[in-house]
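In my numbering, the protein residues as written are 439 to 766. We put the CB at the ideal spot given by N, CA and C, even for glycine.
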């Protein structure tokens, strides 16, 4: 027998005490525990007799904790929280766990969905709840998100981060569009084509103006025939031959491999930032969430992104290969 039982004859005493202390009311505790108010009062009296402590006092008809009662309550609550965390962690190893993930619509549609079949075949018991977010500043704890991604330098308070892919951006278009409109020799030539813009309300991303400025193209005015509310729309419009979009290499990789998109010009911008996988640091990670994180990282390692490696012969003839600037 554990020596604690000599002081607390029944573990039920602790559950009743925790509820009464948290609610500051025997009546509210009784309602929560689905017992009578006299039963709660009697249990507290038995606990006080067993421990030799005065745990509550009445002040102006209000129930208050004594100093000893407050300390005992905090220790009881922390012990309950720790046991709950341990049991939850152990149970997830033997049950279908749900992992809540949140990514941009572009990442979900262009990168994640084509690869999900592989994850499910490896981990059939894990349930993924996939949310498309339009914000960079999600509070993962507040919104109960297990894994997300963020652009930056990998340092955010309260978050653990793993490098996923460097930010590298280049123009992309449909191969037929390029054949119909002729070769593009310099970044300035892009101004003679319909550029597919996007403006995401709650996320800051590189746009055409910034990209062209980095390429040394002066911009007194920049025509905007198409403006989408998400980068995904601009990329899909490029696939349909409606103009030239900015393509993040990891997002357009599959389209380039399948020759649905090509790089019309030998020009690439590296921002110095990277996309990181992020998880809350304040709570223990679910085993299933760690499996999903490791799978994401392994997928990226197994399929290195190449600027010109997957284009077809026809696409390569229409588009020069990209020579990245500098080394990683």
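- Beta-bridge annotation (DSSP): residue 717 is paired with 598.
- Non-local beta-carbon contacts of residue 693 in its own chain, meaning distances under 7 Å to residues more than five positions away in sequence, involve 677, 699 in chain order.
- Along the stretch 570-637, the alpha helix (DSSP H) occurs as fully enclosed runs of 4 or more residues at 613-619, listed in sequence order.
- Restricting attention to 497, 498, 618, 510, the CA atom closest to the CA of residue 454 is found in 510.
- In terms of Cα proximity to residue 592, the closest of 449, 710, 733 is 710.
- Where residue 482 is concerned, the enclosing alpha helix (DSSP H) starts and stops at 475-489.
- For residue 557, the enclosing alpha helix (DSSP H) has its first and last residue at 554-560.
- Counting the other Cβ atoms within 10 Å of the Cβ of residue 685 gives 16 or more, which makes it buried.
- The closest CA to that of residue 669, considering only 724, 651, 610, is found on 610.
- When secondary structure is reduced to three states using DSSP, residue 709 falls in the strand class.
- If you look at residue 659, you'll find it isn't in any alpha helix (DSSP H); DSSP assigns it neither H nor E.
- For residue 720, the closest of 514, 501, 732, 523 by C-alpha to C-alpha distance is 523.
- Residue 519 and residue 542 have their C-alpha atoms spaced approximately 33 Å apart.
- Fewer than three beta-carbon pairs drawn from the stretch 580-594 and the stretch 614-633 are found closer than 8 Å, and the two stretches are therefore not classed as touching.
- Around the beta carbon of residue 687, a 10 Å sphere encloses 16 or more other beta carbons of the protein chains shown; the residue is thus reported as buried.
- If you look at residue 460, you'll find it isn't in any beta strand (DSSP E); it sits in the alpha helix (DSSP H) that goes 449-461.
- By the 16-neighbour rule on beta-carbons within 10 angstroms, residue 565 is exposed.
- Using a Cβ-Cβ distance cut-off of 8 Å, the stretch 719-736 and the stretch 629-647 are not in contact, since fewer than three pairs of beta carbons, one from each stretch, lie closer than that value.
- A direct Cα-Cα distance of roughly 58 Å separates residue 666 from residue 452.
- Note on geometry: alpha-carbon atoms of residue 447 and residue 730 lie some 44 Å from one another.
- Residue 690 and residue 673 have their C-alpha atoms some 8 Å from each other.
- Around the C-beta of residue 638, 16 or more other C-beta atoms lie within 10 Å, and the residue is accordingly described as buried.
- For residue 734, the closest C-alpha among the options 501, 550, 488 is that of 550.
- The C-alpha of residue 655 lies about 10 Å from the C-alpha of residue 627.
- Between residue 664 and residue 702, the beta carbon gap of about 17 Å keeps them out of contact (Cβ cut-off 8 Å).
- Closest by C-alpha distance to residue 449, out of 602, 562, 544, 488, is 488.
- Of 636, 606, 726, 484, the smallest CA-CA separation from residue 562 is found for 726.
- The Cβ-Cβ distance between residue 705 and residue 653 falls below 7 Å.
- For residue 601, the closest of 560, 467, 712 by C-alpha to C-alpha distance is 712.
- Going by DSSP, residue 536 is part of the beta strand (DSSP E) stretching over 536-541.
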